[in-house]
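Step one of this worksheet: look at the structure below.
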Amino acid sequence: MKSHSDRQAPAACCCGANVNRRLVVGGIVGIAAAPALAQGDAPNAEVASAPPQEGDYLVRASGDDQTTPLTPEDITPNSAPLQAWPADSATQTVRNGSYLNLLVLTRWDPAVLSPEGQEYAAGGVVAQSAICTHEGCEVTGWVAESFWMECPCHLSRFDPRQNGAVMQGPAVRKLPALKLKLEDDKIVVAAAFDGRVGGG
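If you count by the numbering used here, then the sequence shown holds residues 6 to 205, one letter each, in order.
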């Protein structure tokens, strides 16, 4: 599995030439910039590369504090997603060893969530993979007027309120979602991704 430090978007996604800047009214909050894993740190590297597990808590993917567990209050309602990583609760190892673990979190009034979205949410917060299911680019666009997330590479759009459903192609698969729960107000993973993460 490719490490986070080696991650590269597919060649078609790197130039950003297809970004429709009139429709992308803001970006995902926080671009992931995790440090490279230290050589010789094999046990932690293995934990860091493993997919999210039940009981993992979530932390910010960027900024000054990338270790404190996130709570619903850390996420602005009805706004551009916050990027996050899962972290192993036993070792406090952040699972940033694979770009496939990168998440986007949004927060909503539960009444606006689809039934499946309500089932997966905790404190109004929903979590989907940040990796587009078309060709594996990071979903970093935010279309404020429709509350949709947009992939800048080929303009696929996804609705976080409908558990990551595709609203516009070329992607045909929804963004995989994590079922969440709250423990002492911390956002915690309750179940693994509900689908295959990544493009293709």
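Even for Gly, the Cβ is constructed at its ideal location relative to N, Cα and C.
All of these numbers come straight from a predicted model, not from anything done at the bench.
Distance, residue j Cα to residue i Cα
i      : j      : result
LYS191 : VAL99  : 15 Å
ALA195 : GLN58  : 8 Å
GLY141 : ASN106 : 12 Å
ARG112 : TRP153 : 13 Å
ALA53  : SER151 : 34 Å
CYS158 : PRO115 : 30 Å
TYR104 : GLY204 : 12 Å
VAL2   : THR72  : No statement about residue 2 is possible, as the shown extent of the chain runs from 6 to 205 and does not include it.
GLY68  : ASP79  : 13 Å
ASP70  : GLN97  : 14 Å
HIS139 : ASP189 : 36 Å
Inter-residue CB distance, residue i and residue j (contact presumed, cutoff 8 Å)
i      : j      : result
ALA92  : TYR125 : Not quite, the Cβ-Cβ distance comes to about 19 Å (not below 8 Å), so this is no contact.
ALA66  : GLY102 : Their Cβ separation, rounded to whole angstroms, is 13 Å, which puts ALA66 and GLY102 out of contact at 8 Å.
ALA241 : LEU160 : Because the chain spans 6 through 205 in this model, residue 241 falls outside it and cannot be assessed.
When the options are compared against residue i, the one with the closest alpha-carbon
i      : options                        : result
LEU183 : ALA176, PRO165, GLN173, MET172 : PRO165
GLN187 : LEU75, ASP70, PRO56            : According to the sequence provided, residue 187 is Leu. The question's Gln does not apply to it. Among LEU75, ASP70, PRO56, the Cα nearest to that of LEU187 belongs to LEU75.
GLY122 : GLY204, GLY60, LYS179          : LYS179
VAL171 : CYS137, ILE80, ASP79, VAL193   : CYS137
Cβ pair residue i, residue j closer than 8 Å
i      : j      : result
LEU108 : SER134 : yes
GLY128 : PRO77  : yes
GLU155 : GLY146 : yes
ALA95  : VAL64  : no
LEU185 : VAL130 : yes
PHE163 : VAL177 : no
GLY200 : PRO175 : no
GLN173 : SER119 : no
PHE198 : PRO56  : yes
GLY60  : VAL193 : yes
CB contact check: residue i to chain C, cutoff 8 Å
i     : result
GLU51 : Among the chains of the structure shown, chain C does not appear; only one protein chain is present.
Segments of 4+ residues assigned as alpha helix (DSSP H) that fall wholly inside the segment 115-203: 120-125
4-residue-minimum alpha helix (DSSP H) runs that sit fully inside the segment 45-91, ordered along the chain: 47-54
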